[in-house]
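Q: Heads up: the sequence shown at position 220 corresponds to 220 in the numbering used here, and the numbers run straight through without jumps.
Beta carbons are placed, not taken as given, at the ideal position from N, Cα and C, and that holds for glycine.
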Amino acid sequence: MSLIRDLADQIVAAHRNDDLCLPIPRFTLDRPPPRIDNEAAADHYELAGALAAIEMGFIESDAKTLGKAWSRMAQGDGGFNALKWPNRPEHFDLLPWTRNMNPNAFAECPKRLGLYGVMPDADWVKRMVEAELPTVQLRYKSDDKSKIRKQIREAVKAVEGSKTLLFINDYWDEAIDAGAYGVHLGQEDLATADLAEIRSAGLRLGLSTHGYAEMTYADRFCPSYIAMGAIFPTNLKKMATAPQGLGRLYQYAKLMSHYPLVAIGGIDQDSIRAVAKSGVGSIAVVRAITEAKDPKAAVKHLQELMRN
1 MSLIRDLADQ IVAAHRNDDL CLPIPRFTLD RPPPRIDNEA AADHYELAGA LAAIEMGFIE
61 SDAKTLGKAW SRMAQGDGGF NALKWPNRPE HFDLLPWTRN MNPNAFAECP KRLGLYGVMP
121 DADWVKRMVE AELPTVQLRY KSDDKSKIRK QIREAVKAVE GSKTLLFIND YWDEAIDAGA
181 YGVHLGQEDL ATADLAEIRS AGLRLGLSTH GYAEMTYADR FCPSYIAMGA IFPTNLKKMA
241 TAPQGLGRLY QYAKLMSHYP LVAIGGIDQD SIRAVAKSGV GSIAVVRAIT EAKDPKAAVK
301 HLQELMRN
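Here it is, written out as structure tokens:
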């Protein structure tokens, strides 16, 4: 165990200043600390990588995923190097074939979706079309099925004849009926959504992820794009994980660079330039547009910040 402890300490020391560490939450009987399975581990590199990840504030599922990645990286490199960080698809056992070779891949979307506005209703979607926003998501919340269908139909009509691409959040069946460009689903929706129907209808699929474990799981579905977040604190949605920060985003973007990527969560005009430098092709914003005095001008300004 002393060797594992030493290797883990080396990893933490090497990356302490890389903005990868988050505060370790307080553990209780109801919320115990992450567990490391000594017997199932492939080698001491996996155990060291998982232990280091826990000490850096990664949740248990991400720590386990990182542990396996450290093991694969050490084996592939022929040795351990604490100064490196696993960021290649083979380190995470991601699918080895390209989209064109995968019969279950969802329809392609542009690699760079640009500024991505997440809007509360169809009226806002129409305003974003007028502002020439490249990508918009309708995130309409209601229990009234008729209102949901009406909002989706109006949103689809609003983007007709424009260059704006429309994704519908959650309501995949209504999105298919209305002929939307794509749908966006959370991880919790994967168990209930009819992915085969979405695929056969030709709709693009975007998936939310919140860390390494969810990114590698999302890869199994070969979606059209992968969203990563929350990058910064946000009050718009209760998040199960802490804000990931720029350091983790930069590593996520390296690992998943073969996908169109969307960064999301608490991003505004003060942070959007730093987020864009991660290499993601799209940045999702909500309040930076909806709470702006002049939303159309805000769209233009945010796009300029992304380019500079």
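Suppose the cutoff is 6 Å on Cβ atoms and the five residues either side in sequence are ignored; what does the same chain contact list for residue 252 look like?
A: The residue you call residue 252 lines up with position 252 of the sequence shown. Closer than 6 Å at the Cβ level, and outside the excluded window around residue 252, lie 228.
Q: Could you tell me which residues DSSP puts in a beta bridge with residue 208?
A: Residue numbering aside, residue 208 sits at position 208 when the sequence shown is read from its first letter. DSSP, once it has assigned bridges, lists 227 as partnering residue 208.
Q: Enumerate in chain order the residues of its own chain whose CB-to-CB distance from residue 265 is below 7 Å, with the five nearest sequence positions on each side excluded.
A: Reading the sequence shown from its first residue, position 265 is the one you call residue 265. Around residue 265: 229, 230, 231, 232, 234 and 243.
Q: I'd like the span of the alpha helix (DSSP H) that includes residue 267, first residue to last.
A: The sequence position of residue 267 within the sequence shown is 267, counting from 1. Careful: residue 267 lies outside any alpha helix (DSSP H) and carries neither H nor E.
Q: Would you call the CB atoms of residue 183 and residue 203 closer than 7 Å?
A: Position 183 of the sequence shown, counted from the first residue, corresponds to residue 183. Position 203 of the sequence shown, counted from the first residue, corresponds to residue 203. In this structure, residue 203 lies closer than 7 Å to residue 183 by Cβ.
Q: Which term fits residue 128, buried or exposed, when burial requires 16 or more other beta carbons within 10 angstroms of its beta carbon?
A: The residue labelled residue 128 in the question sits at position 128 within the sequence shown. By the 10 Å Cβ count, residue 128 comes out buried.
Q: If you measure between the beta carbons of residue 211 and residue 62, is that distance less than 7 Å?
A: Within the sequence shown, the letter at position 211 stands for residue 211. Within the sequence shown, the letter at position 62 stands for residue 62. Against a cut-off of 7 Å, the Cβ pair of residue 62 and residue 211 comes out as a contact.
Q: By the 10 Å Cβ neighbour count, where 16 or more other Cβ atoms means buried, how is residue 30 classified, buried or exposed?
A: Against the sequence shown, residue 30 aligns to sequence position 30. Classification for residue 30: exposed.
Q: So the candidates are 161, 254, 102 and 187; which of them puts its Cα closest to the Cα of residue 169?
A: Position 169 of the sequence shown holds residue 169. Ranking 161, 254, 102 and 187 by Cα distance to residue 169 puts 187 first.
Q: Hey, how far is the Cα of residue 269 from the Cα of residue 281?
A: Here residue 269 corresponds to residue number 269 of the sequence shown, with the count starting at 1. Here residue 281 corresponds to residue number 281 of the sequence shown, with the count starting at 1. Cα to Cα, the separation comes out at about 17 Å.
Q: Considering only C-alpha positions, which residue in the set 225, 274, 67 and 275 is nearest to residue 261?
A: Against the sequence shown, residue 261 aligns to sequence position 261. It is 225 whose Cα lies nearest to the Cα of residue 261.
Q: Determine the direct distance from the alpha carbon of residue 258 to that of residue 179, and round the result to whole angstroms.
A: Start at 1 with the first residue of the sequence shown, and residue 179 comes out as number 179. Start at 1 with the first residue of the sequence shown, and residue 258 comes out as number 258. Approximately 27 Å, taken between the alpha carbons.
Q: Residues in its own chain within less than 7 Å of residue 36 by CB, not counting five upstream and five downstream?
A: Mapped onto the sequence shown, residue 36 falls at position 36. Taken in chain order, the residues that qualify are 47, 50 and 51.
Q: Taking DSSP as the reference, what is the three-state secondary structure of residue 272?
A: Stepping through the sequence shown from its first residue, residue 272 is reached at position 272. Helix at residue 272.
Q: Given 8 Å as the limit, is there contact between the segment 187-198 and the segment 86-103, that is, 3 or more CB pairs closer than that?
A: no
Q: Could you say if the segment 89-100 and the segment 215-224 meet the contact criterion of at least three C-beta pairs nearer than 8 Å?
A: yes
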